[in-house]
Amino acid sequence: MVRLSALCVAALLLLGASGALAGRCPTGSNCENCDTKGRCLTCSDGYGLTPKGKCIACKVPGPLGDFCTNCDGNAKYCKACSNWEGEGTGVYAKNGRCERCPDANCEVCHNGSGKCQTCFRGMAVNKATGKCTDCADKNCITCDSSLKKCSSCYSGYAPNSAGACVRCTTAHCDVCSSPTKCKYCSVGYVLVGGKCKACKVVGCDECKAGRTDVCKMCEGGVAPKNGKCPAE
């Protein structure tokens, strides 16, 4: 007879308890998570949870009402706006309505207060003013609140240890993880041994990783055949 340790028994009980809480949601219910009885716990974006555990479409008044992502309890009163599929929209919830963030350069602001959390690319929330301000480095995509230290740069550049955007040293490199290390090469080139080398296949936009003689994607999105691109 196999004996289980107290730790194993506790782990099995915990798994059983967590599994009992999760259930399959009915098709077309617009529900993200359900209990074992099919009662909804959380709804999909754009829907609100009723006291009976059903999901109803949000119908928030106003020109930006379609940006509402959570209207639990009242289909006409929004609790959260923006961030559709993780993308900021510059919209937030205020008094049950969706409105533009007070700062026109803000991508994500706090629902309720409107305080900016994330600015559009090339800007950051200035720690001195609380407003979205251009990063000091024109090649910077995201920088810290001092505006001086960059964490990501535009194509062909990468931040160095000081947070400045420096041009990639590898020729034909579009995206580098550091000034001396390429991550993605330009169209028609492939990374081989840390360097971007030209694809040797005629009509090829992207070669197979580490190979210059095998095509992965031909011009115009055409699929290659046996690693080669079809003749025009």
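Counted the way the working numbering counts, the sequence shown spans residues 1212 to 1443. C-beta: ideal position from N, C-alpha, C; glycine also.
For residue i, tell me which candidate among the options has the shortest Cα-Cα distance.
| i | options | result |
| --- | --- | --- |
| S1397 | S1389, V1403, R1422 and D1385 | D1385 |
| Y1378 | C1351, S1356 and A1291 | Correcting the residue type first, residue 1378 is Arg in the shown sequence and not Tyr. R1378 has its Cα closest to that of C1351, out of C1351, S1356 and A1291. |
| D1355 | S1366, C1343 and K1439 | C1343 |
| G1333 | A1347, K1439, G1374 and C1320 | A1347 |
| G1257 | K1392, V1271 and G1367 | V1271 |
| N1446 | P1262, D1277 and F1278 | Coverage of the chain is limited to positions 1212 through 1443, which leaves residue 1446 absent and any answer about it impossible. |
| G1273 | N1306, C1251 and G1264 | N1306 |
So, is the C-beta of residue i closer than 9 Å to a C-beta in chain C?
| i | result |
| --- | --- |
| A1442 | No chain C appears in this structure, which consists of one protein chain only. |
What number of angstroms, rounded off, separates the C-alpha of residue i from the C-alpha of residue j?
| i | j | result |
| --- | --- | --- |
| T1300 | S1240 | 26 Å |
| V1412 | T1423 | 7 Å |
| A1268 | G1414 | 49 Å |
| L1275 | G1323 | 15 Å |
| N1281 | G1234 | 22 Å |
| G1431 | D1416 | 8 Å |
| G1404 | G1421 | 8 Å |
| S1255 | H1383 | 43 Å |
| D1246 | F1278 | 28 Å |
| F1331 | N1316 | 6 Å |
| D1314 | K1360 | 22 Å |
| D1345 | C1236 | 46 Å |
| L1402 | Y1395 | 7 Å |
| C1320 | A1339 | 18 Å |
| R1250 | G1374 | 50 Å |
| A1442 | V1433 | 11 Å |
| G1341 | Q1328 | 10 Å |
| K1408 | E1318 | 38 Å |
| N1337 | N1371 | 22 Å |
| G1438 | G1264 | 53 Å |
| C1266 | C1242 | 6 Å |
Answer yes or no: the CB of residue i versus the heavy atoms of the ligand NAD, is any distance below 8 Å?
| i | result |
| --- | --- |
| V1386 | The model on display carries no ligand, and the ligand NAD is accordingly not part of it. |
So is residue i buried or exposed if we call it buried at 16+ other beta carbons inside 10 Å?
| i | result |
| --- | --- |
| P1435 | buried |
| C1429 | buried |
| A1369 | buried |
| P1390 | buried |
| A1335 | buried |
| G1259 | buried |
| T1381 | buried |
| S1357 | exposed |
| S1293 | buried |
| L1232 | Since pLDDT at L1232 reaches only 49, below the 50 mark, its modelled position is unreliable, and the value read off the structure follows with that caveat. Exposed. |
Within this structure, are the beta carbons of residue i and residue j separated by less than 9 Å?
| i | j | result |
| --- | --- | --- |
| C1312 | G1325 | yes |
| K1406 | C1418 | no |
| T1353 | S1366 | no |
| C1376 | C1364 | yes |
Using 8 Å for Cβ pairs, my map puts residue i next to residue j. What's the rounded Cβ distance?
| i | j | result |
| --- | --- | --- |
| K1290 | A1304 | 6 Å |
| N1244 | T1238 | No, N1244 and T1238 are not in contact; Cβ-Cβ is about 15 Å, not under 8 Å. |
| Y1400 | C1410 | 7 Å |
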